[in-house]
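Participant: One structure, as structure tokens, below. Some questions next.
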Amino acid sequence: MSEAPIPRTFTSAGPVRGHARVPGDKSISHRALILSAMAVGESRIEGLLESEDIIATVAALWAMGSEIGQDSNGNWVVNGVGVGGLLQPETALDMGNSGTSARLLMGLAASNAITATFIGDASLSRRPMGRIIEPLSRMGASFSVTPGERLPLMVHGRVPAVPIEYRLPVASAQVKSAIMLAALNTPGVTRVMEPERTRDHSERMLAGFGAEVGIEEVDGERVISVTGEAELNPHNMSIPGDPSSAAFPVVAALLVPGSEVVIQHVGINPTRTGLFEVLKQMDADITYENERDVGGEPVADIRVRHSALTGIEVSPEIAPRMIDEFPILFVAAALAKGETVTTGLQELRHKESDRLALMAEGLAQLGVRLKEHPDGLTIIGSDGEKLKGEYATPQIATALDHRIAMSFAVAGLVSAHGVTIDDVRPMATSFPSFPPMLADLGAIAAE
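Shown next, in the form of structure tokens:
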């Protein structure tokens, strides 16, 4: 990312209309690379998200011995080192802004005979890693950490690691996945119990690569078991579009009058579609078309038409299935009729930024009536009226958070005079083509 901020004003140029594709799913892209690196032989990945977060994972896996490149068709080719075959990295592994890279790769390193130092940018270095350190320490890994259990930190892998049974204190697909990755090179069976279901890409993909993975329901909990000392087979796969990225053009189409858009080839894994379900409860016109299965993941084209939304009380139980999509939901709620109440969102205060505080501050600048609570926001919508705050074109602080930046870009489409984002560079974290896509759909003027 370049050093100087790049501000940009987003204002509507017309309805959001046409067909579009969003980048490959970020969660699946990370896991596809990691498991390909753990297989013996050559894997090929079509549609990999080529964002800064994913490149951080590519660079780290390369530093630990895996050969990764692209073929003449732009597909990514990974020659793996096999489970337990990671090499000692010669330099620190720079995770940039990617919490997923950091947490999953810490799990991978924990059961290999290496010592790896993890560093990140200023935003990532503020994010606590204690929830990862605790279970991996139980498995035998040791850590040299910065005060507050933050990056930079050093992981000292343990071989052989110790299989554990671990109940997630807080629903987290990243913590679950880190333990599962550590379990691959751990003798015996490691079990993770999750009281609330989180995204299950790791379970699906591990099974696809040939790992022995068990899933069962026990006393209302989901229990995932991984049998260690696994041998993974190389795999060819196609990455579906990221539903978290699709969320932004979906909400834009819902809010801008006259809009109708089809987002093609989007993953609709039920652990990831919480936002679409909540929007439907708010009377959104969203339909799935051409539903199919791609590499074990359900995929569809999503048709969205402009809708008059109604505020609701969002169940906190759905939060694990849409935790990254709450910022853009808050924008949708700002245009709805009546009150939208969200609770149980403490985790949003520990993402790339304090997303509750930043969204509350930015929406207030746009004249939205709201209340900020420790675990959520209550938003009173405008009933479709354009947003207009104290300043004609407010400048929004994004704190280097890609989802804050894109959420307020969408808000600019339904504001009276536009919204200026203080820095569009963070969009490259997950959706580098976001502004050009909006221009192609007619939503904003092309630069």
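If you count by UniProt numbering, then the sequence shown holds residues 1 to 447, one letter each, in order. Note that the Cβ used here is the ideal one computed from N, Cα and C, for glycine as well.
(1) Return helix, strand or coil for GLY99, following the three-state DSSP convention.
(2) Could you please give the first and the last residue of the uninterrupted alpha helix (DSSP H) stretch that includes ILE328?
(3) Could you say which of VAL261, LEU49 and SER244 lies nearest to ARG321 if we only look at CA atoms?
(4) Verify the CB distance criterion: does GLY274 have a CB-CB separation below 8 Å to chain C?
(5) Suppose the cutoff is 8 Å on Cβ atoms and the five residues either side in sequence are ignored; what does the same chain contact list for PHE118 look like?
(6) If you draw a straight line from the alpha carbon of VAL77 to that of LEU108, how long is it in whole angstroms?
(7) Under a Cβ-count criterion, where at least 16 other Cβ atoms within 10 Å of its own Cβ denotes burial, should VAL262 be classed as buried or exposed?
(8) At which residues does the alpha helix (DSSP H) containing ALA300 begin and terminate?
(9) With distance defined between alpha-carbon atoms, name the residue in GLU194, ARG222 and VAL40 nearest to LEU168.
(10) May I have the straight-line CA-CA distance separating SER12 from MET282, to the nearest angstrom?
(11) CA-CA distance, ASN73 and GLU46?
(12) Excluding the 5 residues preceding and the 5 following VAL250 in the sequence, name in chain order all residues of the same chain whose CB lies nearer than 6 Å to its CB.
(13) If you draw a straight line from the C-alpha of LEU35 to the C-alpha of PHE209, how long is it?
(14) In whole angstroms, what separates the C-alpha of ARG21 from that of GLU50?
(15) Using only CA atoms, which one of VAL40, SER259 and LEU33 lies nearest to GLY18?
(16) Who pairs with residue 514 in a beta bridge, going by DSSP?
(17) What are the boundary residues of the alpha helix (DSSP H) that residue 532 is part of?
(18) Determine the extent of the beta strand (DSSP E) in which GLN174 is found, giving its start and end residues.
(19) Just to confirm the assignment, what range does the beta strand (DSSP E) spanning GLY311 have?
(20) Rank GLY442, ILE444 and PRO234 by C-alpha distance to the C-alpha of residue 448 and give the top, closest one.
(21) Can the beta-carbon of GLY344 be found less than 8 Å from the beta-carbon of GLY376?
(22) Report the three-state DSSP secondary structure of HIS417 (helix, strand or coil).
(23) Can you check whether the CB of LYS388 is closer than 8 Å to the CB of GLY418?
(24) Per DSSP, which residues does TRP76 bridge with? Please list them.
(25) Can you grab the Cα-Cα spacing for the pair ASN290 / HIS201, in whole Å?
(26) Would you tell me roughly how many angstroms separate the C-alpha atoms of SER177 and THR198, rounded to the nearest one?
(27) For GLY295, which option in VAL331, HIS306, GLY381 and ARG204 has the closest C-alpha, if you only look at C-alpha atoms?
(28) For ASP25, which residues from the same chain have a beta carbon less than 6 Å from its beta carbon, with the 5 sequence-adjacent residues on both sides left out?
(29) Return the bridge partner residues of ASP200 from the DSSP annotation.
(30) From which residue to which residue does the beta strand (DSSP E) around THR190 run?
Facilitator: Looking at the atomic coordinates:
(1) Under the three-state reduction of DSSP, GLY99 is assigned to helix.
(2) Run containing ILE328: 326–335, per the alpha helix (DSSP H) assignment.
(3) Across the set VAL261, LEU49 and SER244, the C-alpha of SER244 shows the shortest separation from the C-alpha of ARG321.
(4) Protein chain content of the structure displayed is limited to a single chain, and chain C is not contained in it.
(5) So the list reads ALA92, LEU93, MET95, ALA102, LEU105, MET106, LEU151, PRO152, LEU153, MET154 and VAL155, once near-sequence residues are dropped.
(6) For VAL77 and LEU108, the distance between alpha carbons rounds to 20 Å.
(7) So VAL262 counts as buried.
(8) Run containing ALA300: none in the alpha helix (DSSP H); it sits in the beta strand (DSSP E), 297–305.
(9) Comparing alpha-carbon positions, the option among GLU194, ARG222 and VAL40 lying closest to LEU168 turns out to be GLU194.
(10) Taking the straight line joining both Cα atoms gives about 23 Å.
(11) In this model, ASN73 and GLU46 are separated by some 9 Å (Cα to Cα).
(12) Spatial neighbours of VAL250 in its own chain (CB-CB distance under 6 Å, excluding positions within 5 residues in sequence) are listed in chain order as VAL304.
(13) C-alpha separation (whole angstroms): 7 Å.
(14) Each residue's Cα considered, the two are about 14 Å apart.
(15) The residue with the shortest Cα to Cα distance from GLY18 is SER259.
(16) Outside the modelled stretch of the chain, which goes from 1 to 447, sits residue 514, for which no answer is possible.
(17) What the structure shows of the chain is the stretch from 1 to 447, and residue 532 is not part of that stretch, so it cannot be assessed.
(18) Counting along the chain, GLN174 falls outside any beta strand (DSSP E), though it belongs to the alpha helix (DSSP H) covering 173–183.
(19) GLY311: not part of any beta strand (DSSP E); DSSP gives it neither H nor E.
(20) The displayed coordinates of the chain run from 1 to 447. Any statement about residue 448 would go beyond what the structure contains.
(21) For GLY344 and GLY376, yes; Cβs fall inside 8 Å.
(22) Per DSSP, reduced to three states, the secondary structure at HIS417 is coil, with no helix or strand assignment.
(23) No; because the gap between Cβ atoms is not below 8 Å, this pair is not in contact.
(24) According to DSSP, TRP76 bridges with ILE45 and GLN70.
(25) Separation of ASN290 and HIS201 (C-alpha to C-alpha, rounded to the nearest whole angstrom) is 21 Å.
(26) Roughly 10 Å between the two C-alpha positions.
(27) With distances taken between Cα atoms, GLY295 lies closest to ARG204.
(28) Once the five neighbours on either side are set aside, the close Cβ partners of ASP25 are ILE239, PRO240, ASP242 and GLY267.
(29) None; ASP200 has no bridge partner.
(30) That run of the beta strand (DSSP E) goes 189–194.
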